[in-house]
Amino acid sequence: MFRTPSKPSVSKTPSPGMDRVRAGPSRIEDGTTSTTERVRKSIGEWESGSLKTPTSPEAKVAKRDLPKPKATLPKMVTTRPSTSPKTTPTTSATITATDKYKNRTSEAKACLQKGNRLLEAAKNLKTEIKEGVKKVLERMYQIVKEAEADDTGKTPKPLTTTDTISISSKLPSPPQSKDSDWAEKLAENTKLLIENSKKVQELQDMIAGERKERATYASVVASKDRREAPQTLHSLVVTSTDVTDTGEQVLDKIRKVARAKEGEINIEKVRKGRDRKIIIGCSSLEERQKAIERLGGSNDQLKVEAVANKNPLVIMRDVMAYNSNEEIVQALRCQNADLLRGLEDQNIEVKYRRRTRNSLTTHVVAQVSPQIYGRMMSARTVRIDLQSKVQVADQSPLVQCSMCLGYGHNRRFCKQTIEKCSHCGGPHLKQDCADWLAGVAPSCTNCRQAKLDNAEHNAFSGQCPVRRKWDSLARANIAYC
């Protein structure tokens, strides 16, 4: 874009229609006056410099004041080749893709980049025009690129018969069993894929099994509370009418009368009791009734008496101590109506309480019916007053003395006068035990008396084999179902 150069300031602007005007007299430095001609120059004349430079000093000043013309881009002149064979095109002004670029795509890309640079250099164009031109250039580049790809992907011209014969004679013959080879490979890959899938499934099963077997602290703690209820035995006590008979003699009489080898009665457990009594346990009430009829009806030498089973015990942990026994029973029946639905007439009795570390709470041990016991063990929690989740667990009926560490009686009825240490079995309290203070492993006094090898545990530990034996005996006459 060109503009007309500015003119020197004159007193009167010449008429645009005149080529030459007569300027007024001008005074030169030496005092003489001269007349100069003002000539309007065209743009082409300014660029070509065809006009002569004015010789007057005033003209020189005007010439120096004129701005320099902006540099313009050289015009790209492309000459078309003449149709006549005599004339040849000028190669100096012609730009071909083979001179500077590898192909038409690279040349089109270069033109696109150059066009973008020129658009960025143009400051007077609107943004919408620039964006439109850029899109057009980009589309042209894409067209050239697609055309180049189409040219490279063209199918060759059809061959003639002679060309086909000559080429086919040189090429090797194609394999005849290509489809069969592909089918064999596909079948082989399918077989390998099936085998790998089976191996992956086996590994997943192994990992899942290891995860199930891996014990965590939470699982161990939960397993202690969620152990299955022991089998209930329905017992009967058998004694001899002869007071001189010993326990072995009573047992021989039972063996002869029962005739268990015939299979008419099933006896689960037999043990000796005090005062020459034999205690027999049966798996069900029906089996116990059969044993009573067989032992008591056919022989007058034996005296048979059925033993009523006791109800199981449950322990409710961390119950607020201000609740009385009656309030706890009422809360169990009223606040847990959905849990005890249909069992309103079943017995619930608070037996005793156990102290906790917190003086405001206590562990409540209650005796409930077998049906209520099963539902409470399934629910694991009950509501009591403002406590919405009171933990419920099974309570063993075994009684262990804290004085002599024996079983079957408590501290009140113990005949010992010196308290034993549950850590080492010595005649002192646990808090005064030197081994316990020094961190020495515990030693169970009951296991040492029973001459067992594994005695490295506390006397109150649930892992004690002596305690387990007494616990099973205490649970024998508990009706869990």
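Residue numbers (the UniProt record's numbering): 1 to 481. Every residue gets a Cβ at the ideal spot worked out from N, C-alpha and C, and that includes glycine.
#1: Met-376 and Val-392 look like a contact to me (Cβ under 8 Å); what is the Cβ gap, rounded to whole Å?
#2: Use the C-beta contact count for Ala-108: other C-beta atoms within 10 angstroms, 16 or more gives buried, fewer gives exposed.
#3: Shorter than 8 Å from the beta carbon of Glu-326 to some beta carbon of chain B?
#4: Go through the stretch 394-450 residue by residue and report every complete run of the alpha helix (DSSP H) that reaches 4 residues or more, in order.
#5: Just to confirm the assignment, what range does the beta strand (DSSP E) spanning Val-237 have?
#6: Which two residues bound the contiguous beta strand (DSSP E) that contains Leu-302?
#7: Is Leu-233 closer than 8 Å to Asn-477 when the C-beta atoms are compared?
#8: For the alpha helix (DSSP H) containing Arg-255, name the first residue and the last one.
#9: Report all residues from its chain with a CB closer than 7 Å to the CB of Asn-196; omit the five preceding and five following residues, and keep chain order.
#10: For Gly-406, is the classification buried or exposed, using 16 other Cβ atoms within 10 angstroms of its Cβ as the cut-off for buried?
#11: Mark Arg-27 as exposed unless 16 or more other C-beta atoms lie within 10 angstroms of its C-beta, in which case mark it buried.
#12: Got a sec, what are the start and stop residues for the beta strand (DSSP E) Arg-355 sits in?
#13: Decide if Tyr-352 is buried, meaning its Cβ has at least 16 other Cβ atoms within 10 Å, or exposed.
#14: With DSSP collapsed to three states, give me the class of Leu-313.
#15: Which residues in the same chain have their Cβ closer than 7 Å to the Cβ of Asp-435, if we skip the five residues on either side of it in sequence?
#16: Can you list, in chain order, the residues of its chain with a C-beta nearer than 7 Å to that of Ala-110? Leave out the 5 residues immediately preceding and following it.
#17: Comparing C-alpha positions only, which one of Gln-400, Thr-417 and Gln-416 sits nearest to His-409?
#18: From this set, Arg-341, Arg-468, Leu-112 and Ile-384, which residue's C-alpha is nearest Thr-361's C-alpha?
#19: What residue does the beta strand (DSSP E) around Cys-282 start on, and which one ends it?
#20: What number of angstroms, rounded off, separates the C-alpha of Gln-449 from the C-alpha of Glu-327?
#21: Compute every distance between the C-beta of His-363 and the non-hydrogen atoms of the ligand NAP, then say whether any falls below 7 Å.
#22: Tell me which same chain residues have a C-beta within less than 8 Å of the C-beta of Thr-241, skipping the five on either side of it?
#23: Given this structure, state the Cα-to-Cα distance separating Glu-286 from Ile-267, to the nearest angstrom.
#24: What are the boundary residues of the alpha helix (DSSP H) that Ala-366 is part of?
#25: Classify Lys-415: buried if its beta carbon has 16 or more other beta carbons within 10 angstroms, exposed otherwise.
#26: Identify whether Ser-324 lies in helix, strand or coil by the three-state DSSP scheme.
According to the structure shown:
#1: Contact between Met-376 and Val-392 is confirmed by a C-beta separation of about 5 Å, below the 8 Å threshold.
#2: With 16 or more other Cβ atoms within 10 Å, it is buried.
#3: Judged by its chain identifiers, the structure shown contains no chain B, having just a single protein chain.
#4: If we require 4 residues or more, the alpha helix (DSSP H) runs fully inside the stretch 394-450 come out as 434-438 and 445-449.
#5: Run containing Val-237: 234-240, per the beta strand (DSSP E) assignment.
#6: Note, Leu-302: beta strand (DSSP E), 302-306.
#7: In terms of Cβ geometry, Asn-477 and Leu-233 form a close pair [threshold 8 Å].
#8: In the DSSP assignment, Arg-255 falls within the alpha helix (DSSP H) that extends over 247-258.
#9: If we look at Asn-196 and ignore the five residues flanking it on each side, it has no Cβ neighbours.
#10: Under this definition Gly-406 is a buried residue.
#11: Per-residue confidence for Arg-27 stands at a pLDDT of 49, beneath the threshold of 50, marking its modelled position as unreliable; no derived number is given.
#12: Where Arg-355 is concerned, the enclosing beta strand (DSSP E) stretches over 348-355.
#13: Classification of Tyr-352: exposed, given that the 10 Å Cβ count is below 16.
#14: In the displayed model, Leu-313 falls within a strand according to three-state DSSP.
#15: Once the five neighbours on either side are set aside, the close Cβ partners of Asp-435 are His-423 and Cys-424.
#16: These residues qualify, in order along the chain: Tyr-101.
#17: Among Gln-400, Thr-417 and Gln-416, the Cα nearest to that of His-409 belongs to Gln-400.
#18: Selected option, being the one with the closest Cα: Ile-384.
#19: Cys-282 -> beta strand (DSSP E) spans 278-282.
#20: Answer to the nearest angstrom: the Cα atoms are 45 Å apart.
#21: Looking at this structure, you won't find the ligand NAP or any other ligand, since it has none at all.
#22: Counting only Cβ-Cβ distances below 8 Å, and skipping sequence neighbours, we find Asp-300, Gln-301, Leu-302 and Lys-303.
#23: Glu-286 and Ile-267 have their C-alpha atoms some 11 Å from each other.
#24: It is not in any alpha helix (DSSP H) - Ala-366 instead sits in the beta strand (DSSP E) that spans 361-368.
#25: Lys-415 comes out exposed.
#26: Of the three classes helix, strand and coil, the one that applies to Ser-324 here is coil, per DSSP.
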